[in-house]
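> In my numbering, each residue carries its 1-based index in the sequence shown increased by 626. We put the CB at the ideal spot given by N, CA and C, even for glycine. Just so it is clear, the structure is predicted and the values come from calculations on it, not from any experiment. Sending over a structure as structure tokens; questions will come in a sec.
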Amino acid sequence: MPVTIITDSTADLPKEIAEEHGIRVLPLTVNFGDRSYRDGVDLTPQQFYELLRKSSELPTTSQINPPSFVDAYDQELKKGNSVVSIHLSSKGSGTYQSAVIAKNTLGSDRIAVIDSLGYSMGFGIQVLEAARMAREGAVVQEIEERILAGRDSMQYIFGVDTLEYLKKGGRLSPARAAIATVMNIKPILQVKDGELEVLDKVRGRKKVISRIVEIAHERGKDLANQAVAIVHAECLEDAEKLRDMVEERFGPREIFISEIGCVIGAHAGPGTLALFFRK
């Protein structure tokens, strides 16, 4: 029985990769005041960041609701397909819970819902792995077991260029943000147990890139036999520099560069740069 892989827009998968591998991507929603946009459908990352700079308030984001998942799952079941549905961390959004509700509503054992405990292309790599397994004929249980077995080894290292959006989102006091800005402090974030936390702080943009590479060396050691991903928010040049440094130092099997979409970008802001790899 064919297996369809379903994910959400926060995986930040390039559209061509999703289409090539038959991955269905359901969009979360970004809200600017009374206007709502489907992430990656009604609003491109470039359009989003333009609106973000002009907005005096941080946009809000909305999870995918259960009926949307019911519709998507039901369509696949009626085609005779099974479904593996992989989504962003349940600690950052209610999207995973919506998917579970939809699965329970349909009551089908042909649906597996997975909490990636991750964000952006970090779990996008896992989605791609699942899609490749599905194409090779793996069944739902095999795919689910593989993704869950490798989930905790994923490393998510984010360099944030500005603290303004963390401040707007209430994650940092205005006073501390102001001090950090004056001192040119750039935080390095990681994902631990499905939640973002500060890992380190450096001064200056150049040190962000070198520190990310250092962390990859400390944790990844040998990246030669794996796929890694780099994502960026309007800083392609930095992403390409990071890619060159990673390729030269580690020589990974595959390396992807993708843009940070509207939902993740609403919390991280322009200038964010991240590297994802397995420990």
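1. Could you have a look at leucine 691 and say whether DSSP puts it in helix, strand or coil?
2. Ordered along the chain, which non-local residues of its own chain (more than five positions away) have a Cβ less than 7 Å from that of glutamate 770?
3. Whose C-alpha, out of Lys717, Tyr699, Tyr663, is nearest the C-alpha of valine 629?
4. So, with DSSP's three-state summary, where would you put serine 615?
5. If we count the other Cβ atoms within 10 Å of its Cβ and call it buried at 16 or more, is leucine 862 buried or exposed?
6. Quick one: complete beta strand (DSSP E) runs, 3+ long, within the region 662-738?
7. For the candidate residues Pro685, Ile649, Arg904, whose alpha-carbon lies nearest to that of tyrosine 791?
8. Should threonine 906 and valine 726 be called a contact, given that it needs their Cβ atoms to be closer than 7 Å?
9. Per DSSP, what kind of secondary structure is glutamine 781 in: helix, strand or coil?
10. Can you list, in chain order, the residues of its chain whose CB lies under 6 Å from that of alanine 850, leaving out five sequence neighbours each side?
11. Between glycine 785 and alanine 900, which are expected to be in contact by the criterion C-beta below 8 Å, what is the C-beta distance as a whole number of angstroms?
12. Verify whether the separation of the beta carbon atoms of glycine 820 and leucine 703 is less than 7 Å.
13. Over what stretch of residues does the alpha helix (DSSP H) that includes lysine 833 continue unbroken?
14. Could you check where the beta strand (DSSP E) with alanine 900 kicks off and where it finishes?
15. Do glycine 846 and phenylalanine 882 have their beta-carbon atoms positioned less than 7 Å apart in this structure?
16. If you check the beta carbons only, do leucine 825 and isoleucine 814 fall under 7 Å apart?
17. Beta carbon of isoleucine 856, beta carbon of alanine 842: below 7 Å?
18. Have a look at glutamine 644 and lysine 812 and give me their C-alpha separation to the nearest angstrom.
19. Grab me the residues of phenylalanine 674's own chain with a C-beta within less than 7 Å of its C-beta, minus the 5 sequence neighbours each way, in chain order.
20. Check the DSSP bridge columns for arginine 650 and list the partner residues they point to.
21. Can you give, in chain order, each stretch of the alpha helix (DSSP H) that sits fully within the region 842-889 and has at least 4 residues?
Reading off the structure:
1. Sequence check: residue 691 is asparagine here, not leucine. Asparagine 691 falls in the coil class under three-state DSSP.
2. Val710, Ala738, Ile740
3. Ranking the options by Cα distance to valine 629, first place goes to Tyr699.
4. Within the shown structure, residues of the chain are numbered from 627 to 905, placing residue 615 beyond reach of any answer.
5. exposed
6. 686-688, 708-713
7. Pro685
8. Nothing can be reported for residue 906: it is not among the residues displayed for the chain, which extend from 627 to 905.
9. Strand, per DSSP.
10. Here the set comprises Gly877.
11. 7 Å
12. Result no, Cβ atoms of glycine 820 and leucine 703 do not sit closer than 7 Å.
13. It spans 831-846 - the alpha helix (DSSP H) in which lysine 833 sits, taken as one unbroken run.
14. Going by DSSP, alanine 900 is part of the beta strand (DSSP E) stretching over 899-904.
15. In this structure, glycine 846 does not lie closer than 7 Å to phenylalanine 882 by Cβ.
16. yes
17. Between isoleucine 856 and alanine 842, the gap from beta carbon to beta carbon reaches 7 Å or more.
18. The question names glutamine, but residue 644 in the sequence shown is alanine. Rounded to the nearest angstrom, the two C-alpha atoms are 32 Å apart.
19. Val656, Cys888, Gly891
20. Ile632
21. Runs of the alpha helix (DSSP H) spanning 4 or more residues and lying entirely within the region 842-889 occur at 862-876, in chain order.
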